[in-house]
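**Student:**
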Amino acid sequence: MIYFFWLFALLALIGALGVLLETHPVRGALYLLLAFLSIGFLYILAGAPFLGFVQIIVYAGAVVVLFLVAIAVMSLRRIPDDRDLGPRGFLALVFAGAFFLVMLALLRHAPVPAAPTPTPGAPQPLAEALFRQYLIPFEIVSVLLLVAIVGAIVLVRRRPGP
Amino acid sequence: MLTHYLVLAFLLFSIGAFGVLTRRNAIAILMAIELMLNASNIALVTFSRLHGNLGGQLFAFFTITITVAEVAVGLAIVVLIYRLRKTVNADEMDFLKG
Amino acid sequence: MNLSLLTPEYVVLGTAVVLLFLAFLTPRRAVIFNTFTVLGVILAMFLEMVSLGNTGSLGMLQVTPLARIFDLMFMAATLLVVLMAMDYFEAREVGGEFYFFLLMALLAMMVLAKSVHLVVAFLALELLSFSLFVLVALLQEENAVRAALKFFFVGAYSSSFFLMGMALLLISSGSLYLNQFLFGHHLALTVVGIALLLVGFGFKLVYVPFHLWTPDVFRGAPTPVVAFIATAPKAAGFALLLQVLARALVPYAAQWMPIVVWLAGLTMLAGNLAALRETNVKRILAFSTIAHAGYLLLAFGVNTTGAYQALTLYLLAYIFMTVGAFAGLAYLGERTRLDNLRGLARRDPWLALFLSLFFVALAGIPPTAGFAAKFYLFAEVIRAGHPALALYAFLNGVVSAYYYLRVPATLYMYEASEETVVPVSGRRYSLLGTVMWIAVVLVFYLGIYPTTFLEVVRQVF
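Line by line, the protein sequences give chains A, B and C. Mapping the first sequence onto my numbering, position 154 (from 1) lands on 154, and the numbers just tick up by one. Heads up: take any position in the second sequence, counting from 1, add 162, and you land on my numbering. Heads up: take any position in the third sequence, counting from 1, add 260, and you land on my numbering.
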């Protein structure tokens with residue numbers, strides 16, 4: 001069991017680093033796909049199977065495809081190396097590194113209780129909680145999706161004006 | 163075992179944060195932001211595994227929805243810019259400069 | 261769960277959805293959309309006023325009289341912006357969708373002011389941000405779209421920090437209810453979690469160092485959208501900060517108060533100093549909103565109920581002054597450099613008078629609302645035992661008076677040059693005129709009788 005974790009964690013990291021360093025957009029999207037898939041499997045390992053499959057379907061299915069469609073629409077081939085590894089890149093590295101170390105120290109300093117209790121990852125209890133305790137966030141998310149869809153359509157619509 | 167999940171979450175978050183600051187291509191920045199949101203999702207799932215409370219997983223569902231909506235709106239704006247300017251580099255709109 | 265508490269929200273949502281149908285079905289006649297939106301918002305305001313006393317809890321939302329007062333503020337700002345948008349978008353046919361996103365942003369702010377659970381607060385913040393991103397880029401003009409992209413990236417970036425902060429708080433305390441996420445058994449996790457939340461807040465409230473996106477978005481986006489972004493979301497952000505800092509984190513006040521005082525001081529300074537160098541009036545207003553965020557943060561730095569009452573008054577005055585100033589600028593279309601205003605007083609005395617009144621109010625000169633707001637806020641800061649802080653803020657106000665009063669000065673004291681904008685007269689500007697009249701009347705009413713509003717707020721706190 002433990003090996004699976006290390007496998008998927010490693011794949012996720014490879015995917016993330018790939019997204020970071022890859023200049024060709026399509027290859028970047030495929031690295032992202034790798035990262036999303038491995039995170040999905042990690043969820044299944046962490047006792048949230050339903051969430052894991054939703055992650056795989058939604059992210060690997062929809063988000064990466066959306067990126068590829070956008071890349072195709074913009075017919076992007078090789079982009080000049082847009083990685084900004086100059087002084088600003090170094091500053092960003094310091095910031096990200098410091099952030100990571102702070103979080104690491106946080107964990108060591110505040111030991112997270114090791115004994116995880118089994119959680120029902122099956123859909124049924126999730127659905128009950130979603131439509132009972134979390135009803136209001138559910139409604140807000142539906143409005144949010146409406147705004148996002150209408151927004152995306154309205155923005156890219158050909159306007160007759162100038 | 164669960165601290166490993168959190169370590170992975172923080173690592174992915176930092177990689178994403180670094181990516182957003184160093185890439186100039188709008189699509190690459192968007193992908194890096196996706197990584198950061200996914201990293202937070204891992205931390206949320208770890209919480210629900212830890213406290214045995216479904217809240218974490220449910221919150222992760224909402225986050226996934228928000229991320230998808232974000233990608234939709236973000237890509238719409240990027241496509242719009244591409245149509246207006248034929249370039250997708252975000253360099254001239256360097257958002258760290260004043 | 262008494263769902264009738266949220267009737268104003270249903271009215272706003274209903275109006276928005278009907279607008280969507282109207283926008284895509286009926287031919288493009290802005291008059292229908294505008295009047296329909298105005299009626300919807302007025303109905304919602306009426307319902308809000310009628311049920312001011314009607315309070316209760318809905319699990320993750322808590323309806324309090326204070327939240328209703330903030331709702332009225334958001335609706336007032338939205339109403340003025342809708343009226344402004346009608347005239348401003350006369351040429352480009354703006355369909356119903358502009359008003360749809362405006363109403364969606366209004367809905368998000370109303371939910372934000374009532375949320376007592378971090379998930380609901382986060383979702384409302386995202387709904388607000390998405391609506392604003394789309395509003396900025398809606399007209400598909402190049403610099404507006406570039407401003408929207410920058411706005412989007414900074415927004416998404418800070419949201420992911422906000423989210424990670426919530427995850428940490430959840431891990432340490434097991435609950436995201438505002439009054440519970442505090443009592444986690446891991447102090448370190450809680451502190452870092454709150455710090456990450458403040459990063460997310462920074463983007464919405466625009467305090468240092470998250471103010472960098474403001475000038476470009478203000479210059480790029482169309483004026484009515486900028487008037488909206490500069491006022492209502494800021495009030496919503498402070499409403500939520502009130503819930504988080506002044507309600508949930510009271511036990512840790514000793515820790516976060518000094519941080520907020522420093523944040524307030526730096527933000528004031530950054531806003532004022534940057535505005536001094538500006539020659540584009542829209543960017544001057546952008547930096548002035550940052551400076552005002554600094555003054556508003558003072559109330560949290562002092563953390564007394566009196567200061568929060570003064571904060572509410574200040575927000576109300578701030579909304580009307582800023583919307584009025586932007587309505588004046590809307591007359592000038594997109595040419596808002598200082599030398600476009602040179603000697604405008606001779607050509608369009610009314611516009612010059614109104615613009616000057618708003619900038620005088622922003623500078624905080626009596627008898628305007630700007631003065632009353634600052635007066636009560638600084639009085640509370642002194643009463644809370646921070647005279648030095650009040651003096652520092654006052655000096656900042658004096659510095660700000662310089663760049664505010666430059667506008668009336670250029671309007672009246674210089675000769676008209678070829679750069680000066682030729683005002684377009686006639687019916688076309690009737691609605692903009694009404695917006696400015698409403699704003700001026702309220703700015704002076706609040707300036708002369710601030711206690712009426714303060715009494716209402718005092719009962720509510």
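A virtual CB, placed ideally from N, CA and C, is assigned to each residue, including glycine.
Flag residue 215 of chain B as yes if its beta-carbon sits less than 9 Å from any beta-carbon of chain C, otherwise no.
**Tutor:** One-based indexing of the second sequence puts residue 215 of chain B at position 53. Yes, residue 215 of chain B counts as interfacial toward chain C.
**Student:** If you draw a straight line from the alpha carbon of residue 546 of chain C to that of residue 474 of chain C, how long is it in whole angstroms?
**Tutor:** Against the third sequence, residue 546 of chain C aligns to sequence position 286. Against the third sequence, residue 474 of chain C aligns to sequence position 214. Between residue 546 of chain C and residue 474 of chain C, the C-alpha separation is close to 6 Å.
**Student:** Would residue 478 of chain C pass as a contact of residue 235 of chain B if the rule is Cβ separation under 9 Å?
**Tutor:** On the third sequence, residue 478 of chain C is found 218 positions in, with the first residue counted as 1. On the second sequence, residue 235 of chain B is found 73 positions in, with the first residue counted as 1. No, these two residues do not count as a Cβ contact at 9 Å.
**Student:** Residues of chain A with a CB under 9 Å from the CB of residue 589 of chain C: which are they?
**Tutor:** Translated into positions along the third sequence, residue 589 of chain C becomes position 329. Under the 9 Å cutoff, chain A gives no residues; its nearest Cβ is about 21 Å from residue 589 of chain C.
**Student:** Quick one: what does DSSP say residue 27 of chain A is sitting in, helix, strand or coil?
**Tutor:** Position 27 of the first sequence, counted from the start, is the residue given in the question as residue 27 of chain A. In the three-state reduction of the DSSP assignment, residue 27 of chain A falls in the helix class, which pools H, G and I.
**Student:** Counting contacts by CB-CB distance shorter than 9 Å, is residue 170 of chain B in contact with chain C?
**Tutor:** In the second sequence, the residue the question calls residue 170 of chain B occupies position 8. Not closer than 9 Å to any Cβ of chain C, the Cβ of residue 170 of chain B fails to qualify, so no.
**Student:** So which residues on chain B does residue 379 of chain C lean against when the C-beta distance must stay under 7 Å?
**Tutor:** What you label residue 379 of chain C is simply residue 119 of the third sequence in a count that begins at 1. What residue 379 of chain C touches in chain B: 221, 224.
**Student:** In angstroms with no decimal places, state the Cα-to-Cα distance between residue 619 of chain C and residue 390 of chain C.
**Tutor:** The count along the third sequence starts at 1 and reaches residue 619 of chain C at position 359. The count along the third sequence starts at 1 and reaches residue 390 of chain C at position 130. Approximately 31 Å, taken between the alpha carbons.
**Student:** My output table needs one value for residue 185 of chain B: the three-state DSSP class, helix, strand or coil.
**Tutor:** Taking the second sequence and counting its residues from 1, one reaches residue 185 of chain B at position 23. Residue 185 of chain B: strand per DSSP, three-state reduction.
**Student:** Going by beta carbon distance, what residues of the same chain come within less than 7 Å of residue 643 of chain C, once the five residues before and after it are set aside?
**Tutor:** Within the third sequence, residue 643 of chain C is the residue found at index 383, counting from 1. For residue 643 of chain C, the CB contacts under 7 Å within the same chain, skipping 5 residues up- and downstream, are 566 in chain order.
**Student:** Are there 16 or more other CB atoms within 10 angstroms of the CB of residue 248 of chain B, so buried, or fewer, so exposed?
**Tutor:** Taking the first residue of the second sequence as position 1, residue 248 of chain B is located at position 86. With fewer than 16 other Cβ atoms within 10 Å, it is exposed.
**Student:** By Cβ distance, which residues of its chain are closer than 7 Å to residue 388 of chain C, with the 5 residues on each side in sequence left out?
**Tutor:** In the third sequence, counting from the first residue as 1, residue 388 of chain C sits at position 128. So the qualifying residues of the chain are 365, 368, 369, 372, 493, 496.
**Student:** Just tell me which of B:222, B:238, B:180 has its CA closest to the CA of residue 91 of chain A.
**Tutor:** Translated into positions along the first sequence, residue 91 of chain A becomes position 91. Residue B:180 is the option with its Cα nearest to residue 91 of chain A.
**Student:** Taking contact to mean at least 3 C-beta pairs separated by less than 8 Å, is the stretch 319-329 of chain C in contact with the stretch 337-351 of chain C?
**Tutor:** no
**Student:** I'd like to know whether the C-beta atoms of residue 451 of chain C and residue 550 of chain C end up nearer to each other than 9 Å.
**Tutor:** Indexing the third sequence from 1 puts residue 451 of chain C at position 191. Indexing the third sequence from 1 puts residue 550 of chain C at position 290. Contact flag unset, no.
**Student:** By the criterion of Cβ-Cβ separation under 9 Å, what are the contact partners of residue 14 of chain A in chain B?
**Tutor:** The sequence position of residue 14 of chain A within the first sequence is 14, counting from 1. Neighbours of residue 14 of chain A on chain B: none; closest Cβ ~11 Å, over 9 Å.
**Student:** When the distance is taken between beta carbons, is residue 506 of chain C closer than 9 Å to residue 560 of chain C?
**Tutor:** Counted from its first residue, the third sequence places residue 560 of chain C at position 300. Counted from its first residue, the third sequence places residue 506 of chain C at position 246. Yes.
**Student:** Quick check: what's the CA-CA separation for residue 543 of chain C versus residue 195 of chain B?
**Tutor:** Sequence index remark: in the third sequence, residue 543 of chain C carries index 283 (1-based). Sequence index remark: in the second sequence, residue 195 of chain B carries index 33 (1-based). Across the structure, residue 543 of chain C and residue 195 of chain B are spaced so that their CA atoms are roughly 29 Å apart.
**Student:** To be precise: take each residue of the stretch 124-142 of chain A, compare its Cβ to all Cβ atoms of chain C, and keep it if any distance is under 8 Å. Which residues remain?
**Tutor:** 133, 134, 135, 136, 137, 140, 141
**Student:** Any Cβ of chain B within less than 9 Å of the Cβ of residue 402 of chain C?
**Tutor:** Residue mapping note: residue 402 of chain C aligns to position 142 of the third sequence, counting from 1. Closer than 9 Å: yes.
**Student:** What is the residue span of the alpha helix (DSSP H) that residue 146 of chain A lies within?
**Tutor:** Stepping through the first sequence from its first residue, residue 146 of chain A is reached at position 146. Run containing residue 146 of chain A: 135-156, per the alpha helix (DSSP H) assignment.
**Student:** For the stretch 404-418 of chain C, which residues have a beta carbon sitting closer than 7 Å to at least one beta carbon of chain B?
**Tutor:** Listed in chain order, the positions of the stretch 404-418 of chain C with a beta carbon within less than 7 Å of a beta carbon of chain B are 405, 406, 408, 409, 410, 412, 413, 414, 416, 417.
**Student:** In the DSSP assignment, what are the bridge partners of residue 512 of chain C?
**Tutor:** Numbered from 1 along the third sequence, position 252 holds the residue referred to as residue 512 of chain C. Paired residues: none, contrary to the question.
**Student:** Consider the Cβ of residue 192 of chain B: report whether some Cβ of chain A lies at a distance smaller than 9 Å.
**Tutor:** Taking the second sequence and counting its residues from 1, the one referred to as residue 192 of chain B is at position 30. Closer than 9 Å to some Cβ of chain A, the Cβ of residue 192 of chain B qualifies, so yes.
**Student:** Exposed or buried, what is residue 715 of chain C when buried is set at 16 or more other beta-carbons lying within 10 Å of its beta-carbon?
**Tutor:** If you number the third sequence from 1, residue 715 of chain C lands on position 455. Residue 715 of chain C should be labelled exposed.
**Student:** Taking the alpha-carbon positions, what's the residue 166 of chain B to residue 435 of chain C distance?
**Tutor:** By 1-based counting over the second sequence, the position of residue 166 of chain B is 4. By 1-based counting over the third sequence, the position of residue 435 of chain C is 175. Cα to Cα, the separation comes out at about 22 Å.
**Student:** Nearest-angstrom Cα distance between residue 661 of chain C and residue 624 of chain C?
**Tutor:** As a working mapping, residue 661 of chain C is identified with position 401 in the third sequence. As a working mapping, residue 624 of chain C is identified with position 364 in the third sequence. Those two C-alpha atoms are separated by around 7 Å.
**Student:** So residue 277 of chain C and residue 304 of chain C are in contact, right, with Cβ under 8 Å, and what is the actual spacing, rounded?
**Tutor:** Looking up residue 277 of chain C in the third sequence gives position 17. Looking up residue 304 of chain C in the third sequence gives position 44. At roughly 14 Å, the Cβ-Cβ gap does not stay under 8 Å, so residue 277 of chain C and residue 304 of chain C are not in contact.
**Student:** Check residue 64 of chain A in the structure and name its three-state DSSP category.
**Tutor:** By 1-based counting over the first sequence, the position of residue 64 of chain A is 64. DSSP places residue 64 of chain A in helix when its eight states are reduced to three.
**Student:** When the Cα of residue 51 of chain A is compared with those of B:215, B:214, B:219, which residue comes out closest?
**Tutor:** What you label residue 51 of chain A is simply residue 51 of the first sequence in a count that begins at 1. Out of B:215, B:214, B:219, B:219 has the C-alpha closest to the C-alpha of residue 51 of chain A.
**Student:** Give, in chain order, every unbroken run of the alpha helix (DSSP H) that is at least 4 residues long and sits entirely within the stretch 265-334 of chain C.
**Tutor:** Qualifying alpha helix (DSSP H) stretches, in chain order: 267-285, 290-310.
**Student:** So for residue 375 of chain C, helix, strand or coil by DSSP?
**Tutor:** For this step, residue 375 of chain C is matched to residue 115 along the third sequence. Strand, per DSSP.
**Student:** For residue 390 of chain C, return the contacting residues in chain B, with the cut-off set at a CB-CB distance below 8 Å.
**Tutor:** Residue 390 of chain C sits at position 130 when you count from the first residue of the third sequence. Going along chain B in sequence order, the residues near residue 390 of chain C (Cβ under 8 Å) are 231, 232, 235.
**Student:** In the structure shown, what three-state DSSP assignment does residue 479 of chain C receive?
**Tutor:** Stepping through the third sequence from its first residue, residue 479 of chain C is reached at position 219. Of the three classes helix, strand and coil, the one that applies to residue 479 of chain C here is helix, per DSSP.
**Student:** Thinking C-alpha only, which one of A:100, A:60, A:155 is nearest residue 246 of chain B?
**Tutor:** As a first step, residue 246 of chain B is located in the second sequence; it is residue number 84 there, counting from the start. The residue with the shortest Cα to Cα distance from residue 246 of chain B is A:155.
**Student:** Ordered along the chain, which non-local residues of its own chain (more than five positions away) have a Cβ less than 6 Å from that of residue 695 of chain C?
**Tutor:** Counting from one through the third sequence, the residue named residue 695 of chain C turns up at place 435. Correct list, in chain order: 340, 343, 344, 587.
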